[in-house]
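Asks:
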Amino acid sequence: MMKRSWKQIALTTAISLSLLNPAKSQENPQAQKLDALLNVVSYAYVDSVDQKKITEDAIRALLKELDPHSVYIAAEELKETNEPLVGKFEGVGIQFNILDDTIMVTSTIPGGPSEKLGIRAGDRIVNINDSTVASIGIKNNDVLKKLRRDKGTKVKVGIYRRGVPGLMSFNNTREKIPLFSVEASYEAAPGVGYIKISRFADSTVDEFREALRKLKEEKQIQSLVLDLSGNGGGYLNRAIELADEFLSLGKKIVYTEGRTNPRQESYSTNTEKKKKGRLVVLVDENSASASEIVTGAIQDWDRGLVIGRRTFAKGLVQKPYPLPDGSAVRLTIARYYTPSGRCIQKPYEAGDENYEMDISKRYEHGELYHADSIRFNDSLKYSTNGGRVVFGGGGIMPDVFVPLDTNQSSSYYDDLRRNGVINDYTLSYVDENMTALKAQYPDMYAFKKNFVLTEDFLNKFYAYAEKKSVKRNEEGIKKSDRLIKTQLKALVARDLWNTTAYYYVINDINPFLTKALESLDDRTFEKMKIAGN
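The working numbering puts the first residue of the sequence shown at 353, with every later residue one more than the last.
Structural data, given as structure tokens:
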């Protein structure tokens with residue numbers, strides 16, 4: 353019999369769960385059986401076998417039998433997978449788009465190596481380490497592979513800049529670059545702050561505190577809209593810390609429990625008498641996991657008003673376990689429960705396909721358009737601290753439902769988005785007019801108030817779309833007029849400043865925020881029995 357390879361040992365380890373206790377790997381007869389099979393295949397099979405592939409396929413098949421959120425991550429994918437949660441990566445510190453087969457810098461990360469060297473928005477990267485990267489069909493992932501490497505390593509980029517003859521050469525030293533999870537923060541109405549969080553990463557709570565501090569100091573906000581729509585989750589401990597920002601001392605935030613993981617309860621630790629001010633949380637069908645923990649705690653304690661649509665319904669907790677080759681398994685080890693005792697995890701016994709089709713089925717059943725199409729089992733009924741009825745077993749149902757609005761959408765608008773026409777046109781427009789725009793509009797507030805999409809601007813845009821094979825459609829333009837114009841204006845704002853400027857403009861057509869601003873009154877909070885402080 354051939355000696356066991358480390359790949360075979362990795363499979364045996366995963367299957368026997370000896371990740372928890374390696375000494376038990378030889379005591380598990382099922383693990384020994386599978387290990388023996390791999391050895392037999394390796395020794396006797398008629399054709400040569402890719403040992404790595406069949407090992408990884410076996411691990412994935414095993415995890416698929418458990419639940420939809422236990423996953424295998426290959427060694428080469430692990431670092432990239434962790435970057436959004438760790439909150440940093442190692443690279444040169446630029447954001448870019450590929451426009452007309454050329455890498456165009458859309459912004460530099462403040463304090464990053466590219467900003468320090470003087471690289472700026474509008475620059476086009478033509479060479480990387482003396483290799484041409486323009487007009488070769490390069491893709492986003494190819495750019496990332498060339499620019500993201502270990503801290504301290506060097507990369508030379510050749511840049512074309514408008515008005516400068518020849519190529520400019522920059523010798524860049526890669527550094528740790530932060531990834532921000534607070535995408536936007538601004539005053540949405542007099543005395544009302546708006547903060548959007550896109551994920552729960554290492555730095556999320558610090559970013560939130562800083563954004564809130566600035567809003568309180570600069571705008572004297574009294575109420576807050578916390579936007580968790582589209583937030584797919586992240587670190588459990590960061591969700592707990594964020595919920596702690598809103599609850600008075602000693603309130604249960606969440607508890608977790610699993611077969612080999614005893615019940616663990618987390619409580620608010622804030623010693624202030626309490627943060628006063630009304631709170632609204634925005635969620636939708638893509639708000640999951642950590643987002644649902646925060647929302648569930650706020651709802652169960654009647655601390656704030658939840659507005660939007662039913663959340664994704666992920667109530668499982670994963671823990672990473674490393675494997676010998678540098679890969680890892682994220683294994684579900686517990687369920688989490690909101691303060692009232694709700695487990696909001698949706699059923700997954702019917703298999704991965706049904707689970708993954710859940711959101712599509714919500715469309716088909718009309719749930720995203722009509723709140724009364726949602727049916728909860730009475731056995732899943734719970735009560736908030738103030739006695740309001742809430743339900744478990746299928747996400748967080750908002751206090752105020754906002755239906756999906758498709759009235760302004762059209763196939764023409766969909767074609768513009770799918771072909772990247774709106775994004776590409778605004779990039780080109782800002783690139784050509786950056787100096788004049790910045791001189792005319794010193795900040796995003798002046799821009800939103802005074803910038804007008806002229807008839808000339810729109811005609812050039814529609815002509816550009818036709819060049820990109822999106823034929824002009826007057827009926828589609830009429831139906832999606834406000835949608836197209838707001839999207840264009842918001843993207844120009846983003847390219848001039850940042851994502852806060854984008855949301856400051858695009859939220860004019862955000863029905864969630866509109867409803868939130870309408871609901872921040874005594875009548876709504878009293879009707880829902882929301883304390884508001």
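Note that beta-carbon positions come from the ideal geometry of N, C-alpha and C, so glycine has one too.
What's the call for Lys405, buried or exposed, on a 16-neighbour Cβ count within 10 Å?
Replies: That one is exposed.
Asks: Considering Leu657, what are the terminal residues of the alpha helix (DSSP H) in which it resides?
Replies: Looking at the DSSP string, Leu657 is not in any alpha helix (DSSP H); the run it does join, the beta strand (DSSP E), is Leu657 to Gly660.
Asks: Tell me, please, whether the region 670-681 touches the region 422-431 by the rule of three or more beta-carbon pairs shorter than 8 Å.
Replies: The region 670-681, when compared against the region 422-431, does touch it at the 8 Å Cβ threshold.
Asks: Within a Cβ cutoff of 7 Å, which residues of the same chain sit near Tyr707, ignoring the five residues on either side of it in sequence?
Replies: For Tyr707, where only same-chain residues beyond five positions count, the Cβ hits under 7 Å are Pro420 and Tyr700.
Asks: Going straight from the alpha carbon of Gly582 to that of Val557, what length do you get?
Replies: So the alpha carbons of these two residues sit roughly 18 Å apart.
Asks: Could you please give the first and the last residue of the uninterrupted alpha helix (DSSP H) stretch that includes Asp860?
Replies: That residue, Asp860, is in no alpha helix (DSSP H); it is neither H nor E in DSSP.
Asks: Is the number of C-beta pairs between the region 610-623 and the region 386-400 that are closer than 8 Å three or more?
Replies: Judged by Cβ distances under 8 Å, the region 610-623 makes no contact with the region 386-400, as fewer than three pairs qualify.
Asks: Could you name the residues of the same chain whose beta carbon sits closer than 6 Å to that of Glu432, not counting the 5 residues immediately before and after it, in chain order?
Replies: Taken in chain order, the list of residues that qualify is empty.
Asks: Decide if the region 536-556 is in contact with the region 600-609; the criterion is three or more beta carbon pairs, one per stretch, under 8 Å apart.
Replies: Cβ pair count under 8 Å is below three, so no.
Asks: For the region 826-845 and the region 757-767, state whether three or more C-beta atom pairs, one from each stretch, are separated by less than 8 Å.
Replies: With a cut-off of 8 Å, the region 757-767 and the region 826-845 count as touching, because enough Cβ pairs lie within range.
Asks: Which residue from Ala798, Phe877 and Glu878 puts its Cα closest to that of Tyr856?
Replies: Tyr856 has its Cα closest to that of Ala798, out of Ala798, Phe877 and Glu878.
Asks: Rounded to a whole number of angstroms, what is the C-alpha to C-alpha distance between Ile411 and Arg769?
Replies: In a straight line, the C-alpha of Ile411 is about 38 Å away from that of Arg769.
Asks: Which residue from Asn850, Tyr688, Gly518 and Glu429 puts its Cα closest to that of Gln670?
Replies: Nearest C-alpha to Gln670: Tyr688.
Asks: In angstroms, rounded to a whole number, what distance separates the CA positions of Ala595 and Val516?
Replies: So the two alpha carbons sit approximately 51 Å from each other.
Asks: Roughly how many angstroms separate the alpha carbons of Tyr781 and Asp475, rounded to a whole number?
Replies: Going by the C-alpha atoms only, they are around 14 Å apart.
Asks: Apart from the five residues on each side of it in sequence, which residues of its chain come closer than 7 Å, Cβ to Cβ, to Ala883?
Replies: Cβ neighbours of Ala883 beyond the five flanking positions: Asp654 and Arg655.
Asks: With respect to the alpha helix (DSSP H) encompassing Glu719, which residues constitute its N-terminal and C-terminal limits?
Replies: It is not in any alpha helix (DSSP H) - Glu719 carries neither H nor E in the DSSP assignment.
Asks: Excluding the 5 residues flanking Ser641 on each side, which residues of the same chain have their C-beta closer than 6 Å to its C-beta?
Replies: Correct list, in chain order: Gly585 and Lys666.
Asks: So, for Arg615: in the same chain, excluding its five sequence neighbours on each side, which residues have a beta-carbon less than 8 Å away from its beta-carbon?
Replies: Tyr607, Thr608 and Glu609.
Asks: List the DSSP bridge partners of Asn449.
Replies: Answer is Met456, bridged to Asn449.
Asks: Starting from Tyr512, trace the beta strand (DSSP E) both ways and give me its first and last residue.
Replies: Tyr512 -> beta strand (DSSP E) spans Lys506 to Tyr512.
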